[in-house]
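Residue numbers (my numbering), protein chains in the order written: chain A, -18 to 91; chain B, 6 to 125.
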């Protein structure tokens, strides 16, 4: 079983739609979580950190469920520019290691 | 800040040649990571350093790969000899930790633009 798992997609959604991605992690000792965005042929870039209480940044909402060991990303009012691959990241407690999921591909259609 | 700097951005070489990739982390960051990304295998962690010391190199594919971090502002990843299956995008990333396994307030990882390596 992979340490961080994501549905690879692609998720094809119309502009203006709301879309949600989930990511599960296997190690309950994981301490910190992030969502990254990667555009085609570019480097991954931080989208947002994920806090225990949940957090929002504009159209983006991230949530953490430690009991079920998953994190989620909700995108409201999708834009064409949101088309990218979204990578879920967990840091293992007691390490400096960032564990990346394989990513979920999103395509927002006009 | 200039961000993480990598060079070269593109490298085309022939099988058997030595390849050296370079990375300058964000000033003040104390951890540095080398990743490789391919369509088939996704993003793979090769090795990471904390305070210039290699901590985990279990992701290095084989002895042909080596990495060094002689000081806080420079790291290299060397492949010798290179093979066609090494073709990939190699990313360097850096982050800040405030103590032993304690993430700094902004402990997110910042990536360089990558080096696209093609081995013919």
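A virtual CB, placed ideally from N, CA and C, is assigned to each residue, including glycine. Computed from a prediction, not measured in an experiment: that's the story for all the values here.
{"Query": "Minimum Cβ-Cβ distance from residue 114 of chain B to chain A less than 7 Å", "Result": "yes"}
{"Query": "Member of A:47, A:55, A:45 and A:88 whose CA lies at the smallest distance from the CA of residue 64 of chain A", "Result": "A:88"}
{"Query": "Nearest to residue 122 of chain B (by Cα), restricted to the options B:100, B:74, B:111 and B:40", "Result": "B:40"}
{"Query": "Those residues which DSSP pairs with residue -14 of chain A across a bridge", "Result": "A:5"}
{"Query": "Rounded straight-line distance, which links the Cα of residue 25 of chain B to that of residue 17 of chain B", "Result": "12 Å"}
{"Query": "Proximity test, Cβ basis, 7 Å: residue 33 of chain A and chain B", "Result": "no"}
{"Query": "Short CB-CB distance (under 7 Å) between residue 42 of chain A and chain D", "Result": "No chain D is present in this structure, whose protein chains are A and B."}
{"Query": "Residue-level contact to chain B via CB, residue 83 of chain A, 7 Å cutoff", "Result": "yes"}
{"Query": "Span separating the alpha-carbon of residue 27 of chain A from that of residue 82 of chain B", "Result": "24 Å"}
{"Query": "Sequence-distant residues of its chain with Cβ nearer than 7 Å to residue 92 of chain B (five each side left out)", "Result": "122, 123 and 124"}
{"Query": "Outcome for residue 90 of chain A when other beta-carbon atoms lying within 10 angstroms are tallied against a minimum of 16", "Result": "exposed"}
{"Query": "CB contact flag (residue 86 of chain A, residue -3 of chain A, <7 Å)", "Result": "no"}
{"Query": "Coil, strand or helix - residue 36 of chain B by DSSP", "Result": "strand"}
{"Query": "Three-state secondary structure (DSSP) of residue 62 of chain A", "Result": "helix"}
{"Query": "Test item: CB-CB of residue 34 of chain A and residue 71 of chain A under 7 Å", "Result": "no"}
{"Query": "Residue 91 of chain B: first and last residue of the uninterrupted beta strand (DSSP E) it sits in", "Result": "Taken as a continuous stretch (DSSP letters only), residue 91 of chain B belongs to no beta strand (DSSP E), as it is neither H nor E."}
{"Query": "Beta-carbon proximity check, residue 48 of chain B vs residue 81 of chain A, cutoff 7 Å", "Result": "yes"}
{"Query": "Distance CB(residue 73 of chain A)-CB(residue -7 of chain A) smaller than 7 Å", "Result": "no"}
{"Query": "Top-ranked residue by Cα proximity to residue 12 of chain B, from B:109, B:30, B:54 and B:101", "Result": "B:30"}
{"Query": "Residue 24 of chain A burial status per 10 Å Cβ neighbour count (16 or more: buried)", "Result": "buried"}
{"Query": "Sub-7 Å separation of residue 70 of chain B and residue 60 of chain B beta-carbons", "Result": "no"}
{"Query": "Residue 50 of chain A vs residue 6 of chain A beta-carbon contact at 7 Å", "Result": "yes"}
{"Query": "Exposed unless 16 or more other CB atoms sit within 10 angstroms - verdict on residue 21 of chain B", "Result": "exposed"}
{"Query": "Beta-carbon proximity list for residue 57 of chain A, same chain, < 7 Å, skipping 5 on both sides", "Result": "-1 and 40"}
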